[in-house]
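**Q** Under my numbering, the first residue of the sequence shown is numbered 90, with each subsequent residue one higher. Right, I'll just put the structure down here and ask away after.
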Amino acid sequence: MPALINSYTIKSIDNIVCLPGTGILRLVMTVDTDLSSFLPYINGYVKKCRYLPQINWIRFSFHGFPEKKGNWNVAIKGKEIIVAKFSDSEEAKGVAREVINLLNHIHNIKGEITPDYTPWRPPKVFDILTFLPKTNCKKCGYHSCMAFATKLAEGEAEIDDCPELIKGSEKFEKLCSLFERKSL
Ligand code: SF4
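What follows is the structure, encoded as structure tokens:
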């Protein structure tokens, strides 16, 4: 079977705009194929995607492929793929290659995947805020817990980005369960 993506071009590797001065990088690349019609297959294969079919957009946590070795964020729209968060550009380039490999792998086994057209329904900002520490300590890179809750609801931040949330705690688990709900 021909590959889904045969070539890609890295457009930029720079600081994440909403986290200026943190040294956290994101990579933007374009691929030679419009991935819009492929997104339901990604949604069917990758766990806990945030898929918005109305704008042909998907976002998911990426841990490396084929081996798990980190935690990055991937967002795809049309021919554009954004990968974050990196501490240096060499790491970014390596992870970008692995993202392409993952997408080609999903394409190779497409016949075994049930495409999932279920849209992601983001939780409400105030529901998210309920489970945050509300200390406004800024360790997540945002100015307040409310700002962080807003970014979580918009799919631009991850729960793990708040170092004050203790994994396994009741609040952490409840927050996770808010995001696991795919439909209202
Ligand atoms: S790190 Fe957590 S507690 Fe601190 S501002 Fe961000 S969301 Fe709030």
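Here a beta-carbon is modelled for each residue, glycine too, at the ideal position from N, C-alpha and C. Note that the structure is a prediction, hence the values are computed from the model and not measured.
1) Between which two residues does the alpha helix (DSSP H) containing PHE220 stretch?
2) Assuming PHE149 and VAL135 make a contact with CB atoms under 8 Å, what is their CB distance in whole Å?
3) Return the first residue and the last residue of the alpha helix (DSSP H) that SER101 is part of.
4) Going by beta carbon distance, what residues of the same chain come within less than 8 Å of TYR97, once the five residues before and after it are set aside?
5) For a test of your reading of the model: does the CB of SER258 fall under 7 Å from any non-hydrogen atom of ligand 1? Yes or no.
6) Quick check: the Cα distance between ILE165 and CYS226, rounded to an integer number of angstroms?
7) Return helix, strand or coil for ARG186, following the three-state DSSP convention.
8) Output the residues surrounding ligand 1, defined as those with a CB atom closer than 7 Å to any ligand heavy atom, in chain order.
9) Grouping DSSP H, G and I as helix and E and B as strand, with all else coil, what is LYS166?
10) What are the start and end residues of each continuous alpha helix (DSSP H) run of 4 or more residues lying completely inside the segment 127 to 166, in chain order?
11) Rounded to whole angstroms, what's the CA-CA distance from LEU273 to ALA242? Just pull it up for me.
12) Which value, in whole angstroms, describes the spacing of the CA atoms of SER266 and PRO211?
13) Over the uninterrupted beta strand (DSSP E) stretch that includes LEU116, give me the two end residues.
14) Going by C-alpha distance, which of GLY167, ALA173, ALA92 is nearest SER125?
15) According to DSSP, is ALA236 helix, strand or coil?
16) So TRP209 packs on TYR140, CB below 8 Å; how close in whole Å?
17) Below 8 Å CB to CB, which residues in the same chain sit around LEU45 once its five sequence neighbours on both sides are set aside?
18) Can you tell me which of the three DSSP states ILE248 falls into?
19) Hey, GLU67 and PRO204: beta-carbon distance below 8 Å or not?
**A** In short:
1) To locate residue 220, count along the sequence shown from 1; it is residue 131. Per DSSP, PHE220 lies in no alpha helix (DSSP H) and is assigned neither H nor E.
2) Position 60 of the sequence shown holds residue 149. Position 46 of the sequence shown holds residue 135. With a Cβ gap of about 5 Å, PHE149 and VAL135 count as contacting.
3) For this step, residue 101 is matched to residue 12 along the sequence shown. Bounds of any alpha helix (DSSP H) do not take in SER101; it lies within the beta strand (DSSP E) bounded by 97 to 104.
4) Sequence index remark: in the sequence shown, residue 97 carries index 8 (1-based). Excluding residues within five positions, the ones whose Cβ falls inside 8 Å are MET118, THR119, VAL120, ASP121, ILE170, ALA185, ILE189.
5) On the sequence shown, position 169 is the one that residue 258 refers to. No; taking the cut-off as 7 Å, the Cβ of SER258 has no heavy atom of ligand 1 nearer than that.
6) Here residue 165 corresponds to residue number 76 of the sequence shown, with the count starting at 1. Here residue 226 corresponds to residue number 137 of the sequence shown, with the count starting at 1. About 31 Å.
7) Here the question's residue 186 lines up with position 97 in the sequence shown. In the three-state reduction of the DSSP assignment, ARG186 falls in the helix class, which pools H, G and I.
8) After applying the 7 Å Cβ criterion, the set is LEU221, PRO222, LYS223, THR224, ASN225, CYS226, LYS227, LYS228, CYS229, TYR231, SER233, CYS234, PHE237, CYS251, PRO252, GLU253, LEU254.
9) On the sequence shown, residue 166 is found 77 positions in, with the first residue counted as 1. LYS166 sits in a strand when the DSSP states are folded into three classes.
10) Fully enclosed alpha helix (DSSP H) runs of 4 or longer: 128 to 134.
11) Walking along the sequence shown from the start, residue 273 turns up at place 184. Walking along the sequence shown from the start, residue 242 turns up at place 153. Reliability fails at LEU273, whose pLDDT of 31 lies under 50, so the model's placement of it is uncertain and the value that follows must be treated cautiously. Cα-Cα distance, rounded: 15 Å.
12) To locate residue 266, count along the sequence shown from 1; it is residue 177. To locate residue 211, count along the sequence shown from 1; it is residue 122. Note on geometry: alpha-carbon atoms of SER266 and PRO211 lie some 12 Å from one another.
13) To locate residue 116, count along the sequence shown from 1; it is residue 27. Note, LEU116: beta strand (DSSP E), 114 to 120.
14) Taking the sequence shown and counting its residues from 1, the one referred to as residue 125 is at position 36. Measuring from the Cα of SER125, the nearest candidate turns out to be GLY167.
15) Counting from one through the sequence shown, the residue named residue 236 turns up at place 147. The answer is helix: DSSP assigns ALA236 an H, G or I state.
16) By 1-based counting over the sequence shown, the position of residue 209 is 120. By 1-based counting over the sequence shown, the position of residue 140 is 51. Contact between TRP209 and TYR140 holds, since their C-beta atoms are separated by about 5 Å, short of 8 Å.
17) With the chain covering 90 to 273 only, the question about residue 45 has no answer from this structure.
18) Reading the sequence shown from its first residue, position 159 is the one you call residue 248. Of the three classes helix, strand and coil, the one that applies to ILE248 here is helix, per DSSP.
19) In the structure as shown, the chain begins at 90 and stops at 273. Residue 67 is therefore absent and cannot be evaluated.
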